[in-house]
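Here is the structure we will look at.
Protein chains in written order, with the numbering used here: chain A, 1 to 245; chain B, 1001 to 1245.
What follows is the structure, encoded as structure tokens:
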């Protein structure tokens, strides 16, 4: 049995997220599994490093899958890029140790959130940015970001209110870059809860526009209540950049 | 009467080009005129620096229009960006001399053509590049580009076979930039015939992939026959970058 590891890019706009639902046609995982099965004649289950929500993009999603037969990695890569829809591409494919598991072994993930702050609408990148179109104070947001880093119970930033497992996570870094008419937020951590990056972003925006104070982060973390945090920023601004093992 | 000059960006993917057709709903000019009329209550005709084909994009299209009333430029700019569809934006608006005419007074235009030469499909920029996905020899293309520069009869590069006016144009520069997995061609000239940049690009591609020799350019120009030149590269790779006055 062979274990293949691939890096995947996708424009999540028209998908219901990573994970296969009843109708596999509208998920990234479903599209990948369908093409691999068609090419190899084998039933295949594609394991991703984690789910991405409906509408969220990826530049470096990692996934692996097992095949009984021995298929050439380059042929699989070329075939996938020929038969996948134009909004999904596989950037690399390699044979890896049988024990490699893209979800269990992921140790660090980086997400990027793009906020368009300029006055003129973003025409070409409009599907990959949050069209906020108002200025934000990056200094205030950086102060708040500093308080979010470290190991905390992020229950207040979890979109799943019935989450039964631990909501403790470690954020290693939140970097905020200012570009002309755009703010880019880079989140690196050991893992993120459902909607967590989007709720962190919504909360940082409410701090950047003056509605909340940077110091409010402490109270929000302590509350362990989704209601205490800010709004969930839209999916389109978010992309999974890379996963480390 | 006031004369307004604006710079416009658009993603041309879903439009039938710049120029108003019977159904104004599917052209850039039609969309702009409709919104300006709605805001001002005046019939307006929007004059562009030139037409762009169906599917061609613009980053710096220039247009002007006249109004009887005196409307604030900033209010017009904000209103347009509020009511235009998300694939059209106005980046600037200014009151100009009554005699300014965006077509007659344009003295130089620059177009960019993007060719994706990498093996991995381009997911995020897929609507703005030509998905060629094979290597091209930029050296050969530069040699051919040098022979195209200058004042020539470009009849062989004109998509309109029944063109009655002069097909003589001057190309000031064709610059070819090599990026990872992409070739960008920048064309600067005093004006371009219908489909001319796309036929120039198709011909340069046939030289870059070895099907033709750089020196063939001389024969193609001499032929004054559309059949002598290469194919018309797809619209999606092309964008009007800027217009000079």
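Where a beta carbon is used, it is the ideal one built from N, C-alpha and C, also for glycine. Please read all numbers here as calculations on a predicted model, not as lab measurements.
| Name the chain A residues that come within less than 7 Å of residue 1121 of chain B, Cβ to Cβ? | Within 7 Å Cβ-Cβ: 81, 86 and 89.
| message | What does the alpha-carbon distance come out to for the pair residue 1071 of chain B and residue 1149 of chain B? | response | If you draw a straight line from the Cα of residue 1071 of chain B to the Cα of residue 1149 of chain B, it comes to about 43 Å.
| field | Given residue 1131 of chain B as reference, the closest of B:1116, B:1123, B:1144 and B:1125 once Cα atoms are compared | value | The shortest C-alpha separation from residue 1131 of chain B is found at B:1116.
| request: Quick one: list the residues of chain B neighbouring residue 124 of chain A, beta-carbon separation under 7 Å, in chain order. | output: Against residue 124 of chain A, the close residues of chain B are 1011 and 1128, in the order they occur along the chain (beta-carbon pairs closer than 7 Å).
| said: the ligand NAP and residue 1240 of chain B: does any heavy atom of the ligand fall closer than 8 Å to the residue's C-beta? | reply: In terms of ligand content, the structure shown is empty, and the ligand NAP therefore cannot be addressed.
| request: Would you grab the beta carbon distance between residue 45 of chain A and residue 33 of chain A for me? Rounded to a whole angstrom, and I think it's under 8 Å. | output: With 8 Å as the limit, residue 45 of chain A and residue 33 of chain A qualify as a contact, their Cβ atoms being about 7 Å apart.
| said: Would the stretch 45 to 55 of chain A count as touching the stretch 15 to 31 of chain A if we require 3 or more Cβ pairs under 8 Å? | reply: Enough Cβ pairs lie closer than 8 Å, so yes.
| Opposing strand residues paired with residue 63 of chain A [DSSP bridges] | Beta-bridge annotation (DSSP): residue 63 of chain A is paired with A:6 and A:48.
| task | Take the Cβ of residue 164 of chain A as the centre, count every other Cβ of all protein chains shown within 10 Å, and call the residue buried at 16 or more, exposed below. | result | It counts as exposed.
| message | For a test of the three-state rule: what should DSSP assign to residue 178 of chain A, helix, strand or coil? | response | Looking at residue 178 of chain A - three-state DSSP - the assignment turns out to be strand.
| query | Counting contacts by CB-CB distance shorter than 9 Å, is residue 1034 of chain B in contact with chain A? | reply | No - not a single Cβ of chain A is within 9 Å of the one on residue 1034 of chain B.
| query | Hey, quick one: how far does the alpha helix (DSSP H) through residue 204 of chain A stretch, first residue to last? | reply | Run containing residue 204 of chain A: 196 to 208, per the alpha helix (DSSP H) assignment.
| said: In this structure, how does DSSP classify residue 1110 of chain B when only helix, strand and coil are distinguished? | reply: Reduced to three states, the DSSP call for residue 1110 of chain B is strand.
| message | Based on DSSP bridge pairs, tell me the residues matched to residue 1129 of chain B. | response | In the DSSP output, where bridge partners are listed per residue, residue 1129 of chain B has none listed.
| message | Looking at residue 1126 of chain B: is its Cβ nearer than 9 Å to the Cβ of residue 1183 of chain B? | response | For residue 1126 of chain B and residue 1183 of chain B, no; Cβs fall outside 9 Å.
| Chain-order list of residues whose beta-carbon lies under 6 Å from that of residue 214 of chain A (same chain, five-residue window excluded) | The beta carbon of residue 214 of chain A lies closer than 6 Å to those of 140, 143, 144 and 207 in the same chain, with the five residues before and after it left out.
| What residues in its chain sit with their C-beta under 8 Å from that of residue 81 of chain A, if we drop five residues either side in the sequence? | Take residue 81 of chain A, set aside five residues on each side of it, and the residues of its chain with a beta-carbon closer than 8 Å to its own are 89 and 90, in chain order.
| said: Contact criterion: CB-CB distance below 9 Å. Does residue 53 of chain A meet it with respect to chain B? | reply: It does not: the Cβ of residue 53 of chain A has no partner Cβ on chain B nearer than 9 Å.
| field | Interface flag, residue 1242 of chain B vs chain A, CB-CB below 9 Å | value | With 9 Å as the cut-off, residue 1242 of chain B does not count as an interface residue toward chain A.
| What residue from A:147, A:51 and A:205 has the CA that sits closest to residue 104 of chain A's CA? | Closest in C-alpha terms to residue 104 of chain A, from the list A:147, A:51 and A:205, comes A:51.
| said: Does any residue of chain B have a CB that is nearer than 9 Å to the CB of residue 78 of chain A? | reply: For residue 78 of chain A, the answer is yes, since a Cβ of chain B falls inside 9 Å of its Cβ.
| task | In angstroms with no decimal places, state the Cα-to-Cα distance between residue 1005 of chain B and residue 1065 of chain B. | result | Roughly 7 Å separates the two Cα atoms.
| Burial state of residue 203 of chain A (16 or more Cβ within 10 Å) | By the 10 Å Cβ count, residue 203 of chain A comes out buried.
| Any beta-carbon of chain B closer than 9 Å to the one on residue 66 of chain A? | No, its Cβ sits nowhere closer than 9 Å to a Cβ of chain B.
| Does any residue of chain A bring its CB to less than 9 Å from the CB of residue 1116 of chain B? | Taking a beta-carbon distance threshold of 9 Å, residue 1116 of chain B does not count as an interface residue toward chain A.
| message | Along the chain, where does the alpha helix (DSSP H) containing residue 1039 of chain B start, and where does it finish? | response | Segment 1028 to 1040, the alpha helix (DSSP H) holding residue 1039 of chain B.
| message | Quick check on the burial criterion: 16 or more other C-beta atoms within 10 angstroms. Buried or exposed for residue 1121 of chain B? | response | Looking at its Cβ environment, which holds 16 or more other Cβ atoms inside 10 Å, residue 1121 of chain B is buried.
| message | Which residue marks the beginning of the alpha helix (DSSP H) containing residue 1141 of chain B, and which one marks its end? | response | Residue 1141 of chain B -> alpha helix (DSSP H) spans 1138 to 1148.
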